[in-house]
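Asker:
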Amino acid sequence: MAMTGWVHSFESMAAVDGEGLRCAVFLAGCPLRCAYCHNPDTWYPRTGAETDAEQMVRKIARYKPYFGDLGGVTFSGGEPLLQAEWLREMVPLLEKEGIHYVVDTSGALPLTDTVKEVLSGAQSVLLDLKFWDGESYRQYTGQGIERPLETLRYLNDIEKKTRIRTVIVPGINDREELLEKYLSHLTGMACVERYELLGFHTMGFFKYEKLGISNSLAKTPALSEERRKELQKFVDERLSFTRI
Amino acid sequence: MNQWREFKEGNWTEEINVRDFVQRNYTPYGGDGSFLKGATKRTESVRKRVEELLIAENAKGGVLDIDTEHVSSLLTYRPGYINKDEDLIFGLQTDAPLKRAVNPFAGYRNAVQACEAYGYEIGESIKNEFRYRTTHNTGVFRVYTDTMKKARHAGVLTGLPDAYARGRIIGDYRRIALYGMDYLIQERKADKQRIGERDMNADTIQLLEDIARQLDFMGQLVTMAAEYGCDISRPAENAREAVQWLYFGYLGAVKEQNGAANSIGRISAFLDIYFERDLAEGTLDEQGAQELIDDLVLKMRLVRHLRTPEYNELFAGDPVWVTCSLAGVGEDGRPMVTKTCYRFLQTLYNLGPSAEPNLTVLWSEKLPRSFKEFCAKVSIDTDSIQYENDDVMRKDFGDDYSIACCVSAMKTGKQMQFFGARCNLAKVLLMALNGGKDELYGDQIAPEGKVFEEKPLVYEEVMEAFKTYAAWMAKLYVNTMNVIHYMHDRYAYERLMMSFHDVEPERLMAFGISGFSVLADSLSAIKYAKVTPVKDERGLIVDFVTEGEFPKYGNDDDRVDDIAKWITEYFYAELCKTKTYRGAKHTLSVLTITSNVVYGKKTGSTPDGRKKGEPFAPGANPMHGRDAEGALASLNSVAKVNYACCQDGISNTFSITPVALGCDEADRVEKLVAVLDGYFAQHAHHLNVNVLNRQKLIDAMNDPTLYPSLTIRVSGYAVNFNKLTKDKQLEVISRTFHEKM
Chain G
29 MAMTGWVHSF ESMAAVDGEG LRCAVFLAGC PLRCAYCHNP DTWYPRTGAE TDAEQMVRKI
89 ARYKPYFGDL GGVTFSGGEP LLQAEWLREM VPLLEKEGIH YVVDTSGALP LTDTVKEVLS
149 GAQSVLLDLK FWDGESYRQY TGQGIERPLE TLRYLNDIEK KTRIRTVIVP GINDREELLE
209 KYLSHLTGMA CVERYELLGF HTMGFFKYEK LGISNSLAKT PALSEERRKE LQKFVDERLS
269 FTRI
Chain R
35 MNQWREFKEG NWTEEINVRD FVQRNYTPYG GDGSFLKGAT KRTESVRKRV EELLIAENAK
95 GGVLDIDTEH VSSLLTYRPG YINKDEDLIF GLQTDAPLKR AVNPFAGYRN AVQACEAYGY
155 EIGESIKNEF RYRTTHNTGV FRVYTDTMKK ARHAGVLTGL PDAYARGRII GDYRRIALYG
215 MDYLIQERKA DKQRIGERDM NADTIQLLED IARQLDFMGQ LVTMAAEYGC DISRPAENAR
275 EAVQWLYFGY LGAVKEQNGA ANSIGRISAF LDIYFERDLA EGTLDEQGAQ ELIDDLVLKM
335 RLVRHLRTPE YNELFAGDPV WVTCSLAGVG EDGRPMVTKT CYRFLQTLYN LGPSAEPNLT
395 VLWSEKLPRS FKEFCAKVSI DTDSIQYEND DVMRKDFGDD YSIACCVSAM KTGKQMQFFG
455 ARCNLAKVLL MALNGGKDEL YGDQIAPEGK VFEEKPLVYE EVMEAFKTYA AWMAKLYVNT
515 MNVIHYMHDR YAYERLMMSF HDVEPERLMA FGISGFSVLA DSLSAIKYAK VTPVKDERGL
575 IVDFVTEGEF PKYGNDDDRV DDIAKWITEY FYAELCKTKT YRGAKHTLSV LTITSNVVYG
635 KKTGSTPDGR KKGEPFAPGA NPMHGRDAEG ALASLNSVAK VNYACCQDGI SNTFSITPVA
695 LGCDEADRVE KLVAVLDGYF AQHAHHLNVN VLNRQKLIDA MNDPTLYPSL TIRVSGYAVN
755 FNKLTKDKQL EVISRTFHEK M
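Order-wise, the sequence lines are chains G and R.
At position 131 of the first sequence the residue is numbered 159 (the working numbering), and the sequence of numbers has no breaks.
At position 328 of the second sequence the residue is numbered 362 (the working numbering), and the sequence of numbers has no breaks.
1) Residue 522 of chain R by DSSP, collapsed to three states: which one?
2) Tell me, please, which residues DSSP counts as bridged to residue 421 of chain R.
3) Taking 9 Å as the CB-CB cut-off, is residue 775 of chain R touching chain G?
4) Compare the C-beta of residue 36 of chain G with all C-beta atoms of chain R and state if any pair is closer than 9 Å.
5) Report yes or no: is there a C-beta of chain R within less than 9 Å of the C-beta of residue 91 of chain G?
6) Buried or exposed: where does residue 490 of chain R fall if 16 or more other Cβ atoms within 10 Å of its Cβ makes it buried?
7) Below 8 Å CB to CB, which residues in the same chain sit around residue 543 of chain R once its five sequence neighbours on both sides are set aside?
8) How long is the line joining the alpha carbons of residue 275 of chain R and residue 128 of chain G, rounded to whole angstroms?
9) Strictly under 9 Å for the Cβ-Cβ distance: is residue 724 of chain R near chain G by that measure?
10) Within 9 Å of any Cβ in chain G, is that where the Cβ of residue 770 of chain R sits?
11) If you measure from the CB of residue 771 of chain R, is any heavy atom of the ligand MG nearer than 8 Å?
12) Under 9 Å, CB to CB, which of the residues in the segment 90-118 of chain G have a partner in chain R?
13) Between R:205, R:172 and R:504, which lies nearest to residue 196 of chain R when the distance is taken from Cα to Cα?
14) Name, in chain order, the residues that DSSP records as bridge partners for residue 450 of chain R.
15) Just the C-alpha distance for residue 723 of chain R and residue 690 of chain R, rounded to the nearest angstrom, thanks.
16) Between which residues of its own chain and residue 56 of chain R is the CB-CB distance below 6 Å, once the five residues before and five after are set aside?
17) Please state the DSSP three-state secondary structure of residue 179 of chain R.
18) Taking residue 371 of chain R as part of the beta strand (DSSP E), name the residues at either end of that continuous run.
19) Could you have a look at residue 689 of chain R and say whether DSSP puts it in helix, strand or coil?
20) The alpha helix (DSSP H) with residue 89 of chain R in it runs from where to where?
21) Does the beta carbon of residue 668 of chain R sit closer than 9 Å to a beta carbon anywhere in chain G?
22) Counting only beta-carbon separations shorter than 9 Å, does residue 141 of chain R have a partner in chain G?
23) Any beta carbon from chain R within less than 9 Å of residue 58 of chain G's own beta carbon?
24) Quick one: residues in its chain with C-beta nearer than 7 Å to the C-beta of residue 244 of chain R, no 5 flanking neighbours on either side, listed in chain order?
25) Name the chain R residues whose beta carbon is nearer than 8 Å to that of residue 49 of chain G?
26) When the cut-off is 9 Å and only beta carbons count, does residue 716 of chain R lie next to chain B?
27) Which of the three DSSP states is assigned to residue 49 of chain G in this structure?
28) If you run the structure through DSSP and keep just helix, strand and coil, what is residue 171 of chain R?
29) DSSP beta-bridge partners for residue 34 of chain G?
30) Assuming residue 285 of chain R and residue 127 of chain R are in contact, meaning their beta carbons sit under 8 Å apart, how far apart are those beta carbons, in whole angstroms?
31) Check whether chain G comes within 9 Å of residue 663 of chain R, counting only Cβ atoms and requiring the distance to be less than that.
32) Does the beta carbon of residue 41 of chain G come closer than 9 Å to any beta carbon on chain R?
33) Measure the CB-CB distance between residue 478 of chain R and residue 93 of chain G and report whether it falls below 9 Å.
34) Can you tell which of R:641, R:484 and R:288 has its C-alpha closest to the C-alpha of residue 561 of chain R?
35) Just the C-alpha distance for residue 775 of chain R and residue 149 of chain G, rounded to the nearest angstrom, thanks.
36) Please state if the CB of residue 143 of chain G and the CB of residue 101 of chain G are separated by a distance shorter than 9 Å.
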């Protein structure tokens with residue numbers, strides 16, 4: 029019998045800058061508990077719609093007319109690699125349809141053969157690196173930093189186009205000297221084509237209330253777009269030198 | 035002929051055949067917009083004058099002035115100018131800009147009320163004239179049956195053109211520039227001679243009288259142009275004359291007729307031929323070419339008709355739909371993108387965004403990439419253009435069709451349309467459940483049938499009742515239209531516009547439906563969830579209890595999208611069963627313009643959960659907030675509606691925030707092109723595009739001075755947001771804006 033996956037939600041038009049028109053599948057379940065998560069409703073495994081691989085690919089294929097050369101599907105979550113077996117089942121089906129996929133992961137899972145297979149088949153990977161020092165990583169996500177770094181090394185080994193993302197939270201990591209430190213981890217990582225900073229926002233707060241989860245950042249303000257742009261510029265100027 | 039110097043000859047030199055002229059002579063342009071020029075000082079100065087006039091018009095409650103002494107026609111006013119020394123293209127509807135004309139031919143009472151609403155009284159001479167004259171409106175009401183009146187009163191048949199002119203007719207005004215009026219008059223006289231040989235039955239006699247009326251007005255047009263110092267009896271010599279001759283034709287048409295949506299046609303490739311010749315001869319430069327188009331467009335923006343406030347309420351602001359169709363692809367596969375397509379779009383920068391003319395890009399996968407990107411950029415910057423699928427329409431209409439109004443295609447000069455407003459199908463469902471009674475007033479409108487009980491509705495039973503009542507309604511609808519158009523031909527015939535058609539054009543009778551997505555979702559609710567009617571003390575079903583989930587139109591879900599498709603297919607087939615006046619071909623549209631708000635007001639609660647009085651979604655749009663899977667899923671649902679049974683158009687309005695579309699201008703342009711390509715590749719018909727933030731609209735609603743020229747696409751046309759009623763502003767704000775997650 030075909031495996032089924034658990035899909036939290038589906039978005040037919042998801043913007044990923046510079047990557048064409050894409051749809052996004054949000055898979056249910058995440059091993060991390062990031063303090064600033066704006067989608068806490070995706071934390072729980074085996075929630076949402078139970079879907080088999082063929083059904084899922086059929087649905088994605090409905091959007092082929094929009095994809096062009098760059099577009100395709102993005103598997104996000106939650107943590108999509110929690111359901112790596114299901115994703116692996118979809119890989120040949122997507123290939124048959126000529127649909128590229130992107131994996132949007134925290135890299136916080138063990139690098140099993142299955143995970144490796146899914147990552148290596150991707151058009152590119154969005155790696156969400158929450159923090160760059162073990163202490164903060166554990167403090168704000170509840171997990172160690174070793175696996176994400178291992179995942180990054182693997183992506184670099186297989187020369188997979190990778191985009192790193194970090195959410196910038198006011199009062200926690202919105203400082204240039206911290207970003208400088210973050211960038212030092214990218215030394216020699218030629219796979220990284222971009223380091224993207226996302227601004228912490230408060231639009232997901234209502235979900236905490238709805239789910240009855242305590243929100244430790246309830247009093248933290250959103251990062252202003254001006255400040256985000258400033259920091260992004262800071263990172264962009266340095267990235268091209270460090271990654272080589 | 036010197037006027038035809040340098041033109042390649044062909045069939046068009048032997049007969050009236052503008053298409054042949056265009057195809058043999060136009061120059062496709064595959065480059066980008068870098069050649070374009072900005073506004074000249076003269077343009078700036080005229081624009082400034084027009085803006086002052088618009089402010090004054092607004093300050094006076096929407097109508098600047100009315101000439102109450104003359105009946106609108108070609109020769110009843112002295113020549114009018116914005117500024118005689120500065121105007122490049124001459125001609126206004128009356129003797130002064132924005133002064134409105136009284137046109138009572140389609141409905142006298144309507145004209146009187148419109149004057150009164152703005153504090154004017156109709157002059158004695160007009161009163162006397164119309165004391166002895168039958169108008170279209172009088173004719174129609176002489177014949178309307180009680181049932182027709184009831185259906186009209188209940189709002190199940192709405193927006194019928196029975197009190198004002200029918201509109202939606204496009205004369206081929208290019209003929210004036212290419213051939214000159216002498217030749218056109220001579221040809222029409224020959225037609226009369228030829229047709230006069232036939233048996234003199236009612237059809238022949240009617241046609242001969244039509245021709246006589248056309249000839250009368252063709253002569254008057256020559257005189258009208260002469261009053262502006264132009265001799266249109268001969269062909270145009272150069273680009274400026276070509277623009278001017280063509281515009282005179284359009285101007286004469288809107289002096290004679292006050293119908294909505296008498297559009298200007300497909301003129302860009304045609305005019306481009308003249309521009310190219312002048313540029314080659316060195317008598318014109320790019321700045322001069324742009325200035326001519328700018329001035330023509332300014333004139334189009336000043337077209338006005340005198341309406342009652344109720345009309346404005348229905349359509350929002352004061353639209354006239356000077357729809358101007360751009361681009362498309364020829365039957366030989368060459369894109370019909372010319373530099374003049376760019377010049378028309380450029381007017382949105384040179385003159386600022388505007389609702390008129392209704393710039394309509396005929397989209398094809400074969401359009402040059404650079405043009406697609408330019409259009410996307412203009413959409414993102416101005417929210418002022420709409421897109422229609424040329425690859426779909428070309429199959430039925432060839433490569434010389436134009437769009438009238440919002441989405442109505444017709445072969446230019448070869449087809450005309452009997453405009454048919456729309457039937458509220460959501461209301462027909464409620465009528466079917468109530469045994470033929472109106473759900474608001476309880477009047478028996480349709481034949482009495484079974485009233486459904488307060489028990490969960492059974493889909494098959496509801497469908498049977500709906501089919502019966504929809505079939506009954508279709509017949510009544512066709513017959514009502516037959517009455518209207520018989521009378522319009524008799525008492526308010528379009529003498530000038532029809533003279534720029536072939537003598538025996540093909541006729542289309544354009545029916546429409548509203549409440550499309552409400553009906554689809556309602557039937558889906560009955561099929562997939564549990565819907566129980568609730569009755570009031572009169573025994574009328576006035577509400578529903580809907581329990582459980584059901585698939586909703588707008589999520590690319592075939593379970594409900596198939597129902598939506600079926601609605602148009604069934605209703606169209608039923609319409610085709612009743613013969614039309616003058617053998618017109620039945621067509622159907624899913625288009626509500628902004629009247630979706632008014633239709634909603636006149637419709638009780640529906641099984642999909644929409645409450646009594648709440649607005650419908652516009653056109654073929656999914657209901658606001660029900661498209662849960664994002665923008666492309668919503669587009670995919672609409673794309674499934676079959677154009678073959680909706681040849682009068684399927685309107686969809688798409689609003690997205692800039693951030694959801696892309697990270698910067700280049701990214702947004704690329705993505706919008708991908709959206710349009712993907713949507714139209716699935717044979718979808720029409721898309722309005724708005725790229726803006728909801729907050730901007732809220733700010734504009736609270737303080738109109740913030741964005742005085744804020745233009746947005748609503749349903750097949752654009753409006754100035756500040757001219758919408760508060761109700762409509764709120765409705766537009768409540769519509770789905772696809773946002774970044």
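Each residue gets a CB set at the ideal place from its N, CA and C atoms; glycine is no exception.
Answerer: Taking the coordinates as given:
1) Shown here, residue 522 of chain R sits in a helix according to DSSP, grouped into three states.
2) Per DSSP, R:395 and R:721.
3) With a pLDDT of 46 at residue 775 of chain R, under the threshold of 50, the predicted position of this residue should be treated as unreliable, and no value is reported.
4) So no, residue 36 of chain G is outside the interface.
5) Among the residues facing chain R, residue 91 of chain G is included, as its CB has a counterpart in that chain under 9 Å away.
6) Looking at its Cβ environment, which holds fewer than 16 other Cβ atoms inside 10 Å, residue 490 of chain R is exposed.
7) Same-chain partners within the cutoff: 451, 452, 454, 512, 515, 519, 614, 615, 618, 619, 620 and 621.
8) Whole-angstrom Cα-Cα distance: 55 Å.
9) At a cut-off of 9 Å between beta-carbon atoms, residue 724 of chain R makes no contact with chain G.
10) Not closer than 9 Å to any Cβ of chain G, the Cβ of residue 770 of chain R fails to qualify, so no.
11) The ligand MG is not among the ligands present in this structure, which contains no ligands whatsoever.
12) When CB distances to chain R are screened at a threshold of 9 Å, the residues of the segment 90-118 of chain G falling below it are 90, 91, 92, 93, 94, 95, 96, 98 and 99, in chain order.
13) Here the closest residue by C-alpha is R:172.
14) Under DSSP, residue 450 of chain R shares a beta bridge with R:541.
15) Linking residue 723 of chain R to residue 690 of chain R through their CA atoms gives a straight-line distance of about 8 Å.
16) Setting aside the 5 residues that flank it on each side, residue 56 of chain R is surrounded in the same chain by 303 and 304, each with a C-beta closer than 6 Å to its C-beta; the list follows chain order.
17) Here DSSP, grouped into helix, strand and coil, assigns residue 179 of chain R to coil.
18) For residue 371 of chain R, there is no enclosing beta strand (DSSP E), as DSSP marks it with neither H nor E.
19) When secondary structure is reduced to three states using DSSP, residue 689 of chain R falls in the strand class.
20) Here the alpha helix (DSSP H) through residue 89 of chain R covers 75-93.
21) Under the Cβ criterion of 9 Å, residue 668 of chain R is counted among the residues facing chain G.
22) Residue-level contact by beta carbon fails for residue 141 of chain R and chain G, as no gap is shorter than 9 Å.
23) The C-beta of residue 58 of chain G comes no closer than 9 Å to any C-beta of chain R.
24) Within the same chain, residue 244 of chain R has close Cβ partners 527 and 532.
25) Listed by position along chain R, the residues whose Cβ is nearer than 8 Å to that of residue 49 of chain G are 666, 705, 708, 709 and 712.
26) As a matter of chain content, chain B is missing from the structure shown, whose protein chains are G and R.
27) Looking at residue 49 of chain G - three-state DSSP - the assignment turns out to be strand.
28) Residue 171 of chain R falls in the helix class under three-state DSSP.
29) Checking the DSSP bridge columns, you'll see residue 34 of chain G partnered with G:78.
30) So it is a contact: roughly 7 Å between Cβ atoms.
31) Closer than 9 Å: yes.
32) Yes, contact with chain R.
33) Taking 9 Å as the Cβ cut-off, residue 478 of chain R and residue 93 of chain G do not qualify as a contacting pair.
34) Among R:641, R:484 and R:288, the Cα nearest to that of residue 561 of chain R is on R:641.
35) Low confidence applies to residue 775 of chain R: its pLDDT is 46, below 50, so where it sits in the model is not reliable, and the reading given next is rough at best. Computed Cα separation, rounded: 26 Å.
36) Not in contact: residue 101 of chain G and residue 143 of chain G (Cβ atoms no closer than 9 Å).
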